[in-house]
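Asker: Take a look at this one; I'll ask things after.
There are 2 protein chains.
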Amino acid sequence: MTARITGLDAVDLRFPTSRELDGSDAMNEAPDYSAAYVVLRTDEGHSGHGFTFTIGRGNELALAAARVVGERAIGLPVDDVVHDLGGFARHLAADSQLRWLGPDKGTIHLGTAAVVNAAWDLAGKLAGKPVWKLLADMSPRQIVDLVDWRYLTDVLTPDDALEMLRRQESGRAEREAHLRRHGYPAYTTSAGWLGYDDAKLARLCREAVEAGWDSVKLKVGANLDDDVRRCRIAREILGPHRRLMIDANQTLGVPDAIRWAEALAGFDVWWFEEPTSPDDVLGHAAIAEAIAPVKVATGEHAHNVVMVKQFLAAGAIGICQIDACRLGGVNEAVAALLLAAAAGVPVCPHAGGVGLCELVQHLSMFDYVAVSGSMENRVVEYVDHLHEHFVDPVRMRGARYLVPETPGYSAEIRPGTLRRFTFPDGEVWRGVGSRT
Amino acid sequence: MTARITGLDAVDLRFPTSRELDGSDAMNEAPDYSAAYVVLRTDEGHSGHGFTFTIGRGNELALAAARVVGERAIGLPVDDVVHDLGGFARHLAADSQLRWLGPDKGTIHLGTAAVVNAAWDLAGKLAGKPVWKLLADMSPRQIVDLVDWRYLTDVLTPDDALEMLRRQESGRAEREAHLRRHGYPAYTTSAGWLGYDDAKLARLCREAVEAGWDSVKLKVGANLDDDVRRCRIAREILGPHRRLMIDANQTLGVPDAIRWAEALAGFDVWWFEEPTSPDDVLGHAAIAEAIAPVKVATGEHAHNVVMVKQFLAAGAIGICQIDACRLGGVNEAVAALLLAAAAGVPVCPHAGGVGLCELVQHLSMFDYVAVSGSMENRVVEYVDHLHEHFVDPVRMRGARYLVPETPGYSAEIRPGTLRRFTFPDGEVWRGVGSRT
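Note that the protein sequences, when read in sequence, are chains V and Y.
Just so you know, we're using my numbering here: the first sequence kicks off at 23 and counts up by one.
Just so you know, we're using my numbering here: the second sequence kicks off at 23 and counts up by one.
The structure is reproduced here in structure tokens:
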């Protein structure tokens, strides 16, 4: 008997974060961090857990997208899926009628991400490995086969990627040992949400320093005078040797983004994140040229690898930020890692939200072991909330992620959380509704 | 009493076009042309009709998006909406939680388009004018105020747009008279769907010539030998003076797209449409440089005006194709017309599908009267199907669109069609399902 994928559960999971203004920034003033959460089930009783991340209203649309994409997984032999995850991801995206809704972007792509991520969780569990290790044990050929190369070969061919991966093969074991000993470096965003007042910002910056953080990110982009004052507070507390990053969350046009960067550069900013529209490759390139040596960072809203390819090719970003749930799951994230490594640009994944830290740690650790082979100028975002809802939450030691040891993609959410936070019937939502 | 918007009806409307392979191309092998159709209702009994277009499965997602975006319209005073359609469109897009699902792209943006288009239909009906005329009677300042300028000012400022529009003001009356007399030029795609065999292709090309068409488009991109043979057949029948365009519907990577164009250039191709990923601005720029003087055309899948801005700024397109339902409705289409006119690039809108011809005729006619002021190298796509379902269908004279005279956006669908083609309960769908 061939084991098959026989079912997909889908749960609308929302956390009422808007009640505390955690996660507030210039664009997203009151998010309710949410997950369109899916479970792929097999007829042998195994399950793969995955999700995509949204910030509240509309999570039902991402869930509906995951359902309709997920129908394409039902009935497939489990072996075919977990041993050809590249073919599986391409199969999910190949419905020509659904493709019209993107292509490869927006809600339908968020749904694809949830299902692809669930398949990786299943593959990790069946292999008895955390996903970073499942990836890091693949041959260069297997890694290359994960990627849909259709639109990438003008910049990177599969053969070039293969050669790049082979050059890193001999150092894999040593780097894996280093990773297991020292973990992977992180930075914190928890201090600098825009909704916090100056006193809270100062207190949180001081606490971050005391906790050992050496890279801190602040939200900016609503009011320049406020941002100057807030950056001054943060820089004073961080001292001259810690890193300060700023993030405008897409609020600015190109001319204003340049003005902002010029006004804040004096605070020794490492990167300026999401200065403008996430679709504006040429705009980012213009900003990057104007504000060097401050680096431009984006990618949290880069909706597919064709965008990542262009940001890199145009020299528009000095830091490549990928999102584990906006890209179409692990496969497209791997494509982004290959492109970035070929371009020599560090990948510093977007995290926070619901479970994004849990996912992206796997991607960066794989990148270190098998792709870029470097931790230099690389940090994974860390936000200290909602981890308690995960079966296998991130483990931090100081400002570093420790390697996940549990098989799978660390995506599984606790049953109690599913009961309490399901929208709109979970206990935290009954009779309450969203703040906004 | 202030009249208000009090309701939004939403209908999942699908036509079983896959049964005949109308609309087949290299990417979309068997579409069921569909509309996520909405009706905005006022408490005084007026209604505005709008839709977005999809090709079958997933239309329910676009409809759900239109519903959730449309909730933001309920309760607004009708006067505020129809006299500040720019403010209305910005209000619809300003839900920060929903924005996460795009931003400004994919399913949520398709939903926005349906609602914005419905509001324009309402505004036209209340003003007693077809939308092209409603637009063409606006002052330059009113036109500029329709646009969300946030991400555009690095390329075009509102003041520059104002000046450009003012230069065309004195000629408006003369051009409107010309338009009413002669209509607006069109081209046909009906001859060249990829699913047709050579004999049907030849017959349809001959019929097109006999019907007076002087611009014909062929689908290509699946097999180059086939495409060479099909282009040869078409060019022989068209003779040396009619225009031949080709359309690969995004199937090719950049190197293959260049190879295709080189193999087909001998058939004197005017434009090469959608050679590669619709997100790949730099890829299109590379293709454009390689295949000149054949022009690169794209825009049917350009998901917002930030993409249009870049295609123009990069010199990636010689023909700007806009889509009335993928862009966020009339307002964003107006922004695209302004950017294209400023760049000196002709706009030749994408049409066909369900009712896209009915919509885009208004946009091109407005462009001629008030924006670019020119019909040179400008043609609106025409496909001869599904017009019978519209209350105010396009009227053609030979290869030209005649001006719509009925108030509104020509978007209203006949009640009998709503009954028969509603999915899945209309009579054409009961017990049948989609072919694919």
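Even for Gly, the Cβ is constructed at its ideal location relative to N, Cα and C.
Nothing here was measured: the structure is a model prediction, and the numbers come from that model.
Can you find a CB in chain V that lies within less than 7 Å of the CB of W122/Y?
Answerer: Taking the first residue of the second sequence as position 1, residue 122/Y is located at position 100. So, interface residue.
Asker: To which residues of the same chain is A310/V closer than 8 Å at the C-beta, ignoring the five residues directly before and after it?
Answerer: Position 288 of the first sequence, counted from the start, is the residue given in the question as residue 310/V. Answer for A310/V: K317, V318, G337, A338, I339, G340, listed in chain order.
Asker: Using a Cβ-Cβ distance cut-off of 7 Å, determine whether D345/V contacts chain Y.
Answerer: In the first sequence, residue 345/V corresponds to position 323, counting from 1. So, not an interface residue.
Asker: What number of angstroms, rounded off, separates the C-alpha of T458/Y from the C-alpha of G124/Y?
Answerer: Translated into positions along the second sequence, residue 458/Y becomes position 436. Translated into positions along the second sequence, residue 124/Y becomes position 102. Residue confidence for T458/Y is low, a pLDDT of 41 falling below 50, so the modelled location carries little weight and cannot support an answer.
Asker: Between the segment 133-150 of chain V and the segment 256-265 of chain Y, are three or more C-beta pairs nearer than 8 Å?
Answerer: In this structure the segment 133-150 of chain V does not touch the segment 256-265 of chain Y; the number of beta carbon pairs closer than 8 Å is below three.
Asker: Please report the straight-line C-alpha distance between V369/Y and E196/V, rounded to a whole angstrom.
Answerer: For the purposes of this step, residue 369/Y is taken as the residue at position 347 of the second sequence. For the purposes of this step, residue 196/V is taken as the residue at position 174 of the first sequence. If you draw a straight line from the Cα of V369/Y to the Cα of E196/V, it is about 57 Å long.
Asker: Could you pull out every residue in the same chain whose Cβ sits closer than 7 Å to the Cβ of V450/V, ignoring the five residues on either side in sequence?
Answerer: Taking the first residue of the first sequence as position 1, residue 450/V is located at position 428. Cβ neighbours of V450/V beyond the five flanking positions: P38, R442, F443.
Asker: Touching or not, the segment 152-169 of chain V and the segment 156-164 of chain Y, by the rule of three or more beta carbon pairs under 8 Å?
Answerer: No, because fewer than three Cβ pairs between the segment 152-169 of chain V and the segment 156-164 of chain Y fall closer than 8 Å, the two stretches do not touch.
Asker: If you check the beta carbons only, do I255/V and A283/V fall under 7 Å apart?
Answerer: Position 233 of the first sequence, counting from 1, holds the residue named residue 255/V. Position 261 of the first sequence, counting from 1, holds the residue named residue 283/V. Cβ atoms of I255/V and A283/V: not closer than 7 Å.
Asker: Cutting at 7 Å between CB atoms, please list the residues of its own chain near L156/Y, excluding the five before and the five after it.
Answerer: Here residue 156/Y is taken as the residue at index 134 of the second sequence, counted from 1. Within the same chain, L156/Y has close Cβ partners A145, G146, A149.
Asker: Relative to the alpha-carbon of Q272/Y, which residue among R172/V, D219/V, L408/V has its alpha-carbon at the smallest distance?
Answerer: Here residue 272/Y corresponds to residue number 250 of the second sequence, with the count starting at 1. Ranked by Cα distance from Q272/Y, the options R172/V, D219/V, L408/V are led by R172/V.
Asker: Is there a C-beta anywhere in chain V that falls below 7 Å from the one on R457/Y?
Answerer: Your numbering for residue 457/Y matches position 435 in the second sequence. Here the model assigns R457/Y a pLDDT of 45, short of 50, so the residue's position is not dependable, and the following value carries that caveat. Closer than 7 Å: no.
Asker: Find the residues of chain Y that neighbour N50/V, judging by a C-beta separation of less than 9 Å, and give them in chain order.
Answerer: The sequence position of residue 50/V within the first sequence is 28, counting from 1. Proximity of chain Y to N50/V at the Cβ level (cut-off 9 Å) is accounted for by S118, Q119, R121, W122, in chain order.
Asker: Give me the Cα-Cα distance between G395/V and D389/V, rounded to the nearest whole angstrom.
Answerer: Along the first sequence, one-based indexing puts residue 395/V at 373. Along the first sequence, one-based indexing puts residue 389/V at 367. In a straight line, the C-alpha of G395/V is about 7 Å away from that of D389/V.
Asker: Would you verify that the beta carbon of L378/Y is, or is not, closer than 7 Å to some beta carbon of chain V?
Answerer: Counting from one through the second sequence, the residue named residue 378/Y turns up at place 356. Any Cβ of chain V closer than 7 Å to the Cβ of L378/Y would place that residue at the interface, and such an atom is absent.
Asker: Assuming contact is defined by CB atoms lying nearer than 7 Å, are G374/Y and V413/Y in contact in what I supplied?
Answerer: Locating residue 374/Y in the second sequence gives position 352, where the first residue counts as 1. Locating residue 413/Y in the second sequence gives position 391, where the first residue counts as 1. Taking 7 Å as the Cβ cut-off, G374/Y and V413/Y do not qualify as a contacting pair.
Asker: Rounded to whole angstroms, what's the CA-CA distance from R202/V to A221/V? Just pull it up for me.
Answerer: For this step, residue 202/V is matched to residue 180 along the first sequence. For this step, residue 221/V is matched to residue 199 along the first sequence. So the two alpha carbons sit approximately 38 Å from each other.
Asker: Can you give the Cα-Cα distance for F289/Y and I259/Y, rounded to whole angstroms?
Answerer: Reading the second sequence from its first residue, position 267 is the one you call residue 289/Y. Reading the second sequence from its first residue, position 237 is the one you call residue 259/Y. So the alpha carbons of these two residues sit roughly 12 Å apart.
Asker: Mind checking whether A88/Y and A58/Y have CB atoms under 7 Å apart?
Answerer: Taking the second sequence and counting its residues from 1, the one referred to as residue 88/Y is at position 66. Taking the second sequence and counting its residues from 1, the one referred to as residue 58/Y is at position 36. Contact flag set, yes.
Asker: Tell me the DSSP secondary structure of S456/Y in three-state form.
Answerer: Numbered from its first residue, the second sequence carries residue 456/Y at position 434. Low confidence applies here, because S456/Y scores a pLDDT of 49, under 50, leaving its location unreliable; read the following figure in that light. Looking at S456/Y - three-state DSSP - the assignment turns out to be coil, as it is neither helix nor strand.
Asker: From the DSSP secondary-structure annotation, give me the bridge partner or partners of K155/Y.
Answerer: The residue given as residue 155/Y occupies position 133 in the second sequence. None; K155/Y has no bridge partner.
Asker: To the nearest angstrom, how far is the alpha carbon of R189/Y from that of A183/Y?
Answerer: Counted from its first residue, the second sequence places residue 189/Y at position 167. Counted from its first residue, the second sequence places residue 183/Y at position 161. R189/Y and A183/Y have their C-alpha atoms some 10 Å from each other.
Asker: Determine the direct distance from the alpha carbon of K127/V to that of M186/V, and round the result to whole angstroms.
Answerer: In the first sequence, the residue the question calls residue 186/V occupies position 164. In the first sequence, the residue the question calls residue 127/V occupies position 105. M186/V and K127/V: Cα-Cα distance of roughly 28 Å.
Asker: If you follow the beta strand (DSSP E) that G214/Y is in, where does it begin and where does it stop?
Answerer: Along the second sequence, read from residue 1 onward, the residue named residue 214/Y stands at position 192. It spans 206-214 - the beta strand (DSSP E) in which G214/Y sits, taken as one unbroken run.
Asker: Any beta-carbon of chain V closer than 7 Å to the one on A310/Y?
Answerer: Indexing the second sequence from 1 puts residue 310/Y at position 288. Answer no: the Cβ-Cβ gap between A310/Y and chain V never drops below 7 Å.
Asker: List, in chain order, every chain V residue whose beta-carbon is nearer than 8 Å to that of V303/Y.
Answerer: Position 281 of the second sequence holds residue 303/Y. What V303/Y touches in chain V: V303, L304, Q332.
Asker: Are the C-beta atoms of S432/V and some chain Y residue less than 7 Å apart?
Answerer: As a first step, residue 432/V must be located in the first sequence, where it is residue number 410. Answer no: the Cβ-Cβ gap between S432/V and chain Y never drops below 7 Å.
Asker: Does any residue of chain V bring its CB to less than 7 Å from the CB of T74/Y?
Answerer: Residue mapping note: residue 74/Y aligns to position 52 of the second sequence, counting from 1. Chain V, which has no Cβ nearer than 7 Å to the Cβ of T74/Y, makes this no.
Asker: Entirely within the segment 245-324 of chain V and at least 4 residues each: give me those alpha helix (DSSP H) ranges in chain order.
Answerer: 246-260, 276-286, 303-313
Asker: Look at the alpha carbon of D143/V and the alpha carbon of V61/V, and state the distance between them as a whole number of angstroms.
Answerer: Numbered from its first residue, the first sequence carries residue 143/V at position 121. Numbered from its first residue, the first sequence carries residue 61/V at position 39. If you take the alpha carbons of D143/V and V61/V, they lie about 10 Å apart.
Asker: Would you check if there are 3 or more beta carbon pairs closer than 8 Å linking the segment 90-105 of chain V to the segment 376-388 of chain V?
Answerer: no
Asker: Is A386/Y helix, strand or coil when you go by DSSP?
Answerer: Looking up residue 386/Y in the second sequence gives position 364. In the sequence as displayed, the identity of residue 386/Y is Ser instead of Ala. Here S386/Y sits in helix by DSSP.
Asker: Can you name the residues that DSSP bridges to E403/V?
Answerer: Here residue 403/V corresponds to residue number 381 of the first sequence, with the count starting at 1. DSSP, once it has assigned bridges, lists Y209/V as partnering E403/V.
Asker: When burial is assigned at 16 or more other CB atoms within 10 Å of the CB, is A433/Y buried or exposed?
Answerer: Walking along the second sequence from the start, residue 433/Y turns up at place 411. Buried: at least 16 other Cβ atoms inside 10 Å.
Asker: Starting from the C-beta of V328/V, find all residues in its chain whose C-beta is less than 7 Å away, skip the five residues before and the five after it, and write them out in chain order.
Answerer: Working through the first sequence from its first residue, we reach residue 328/V at position 306. The answer, listed in chain order, is Y173.
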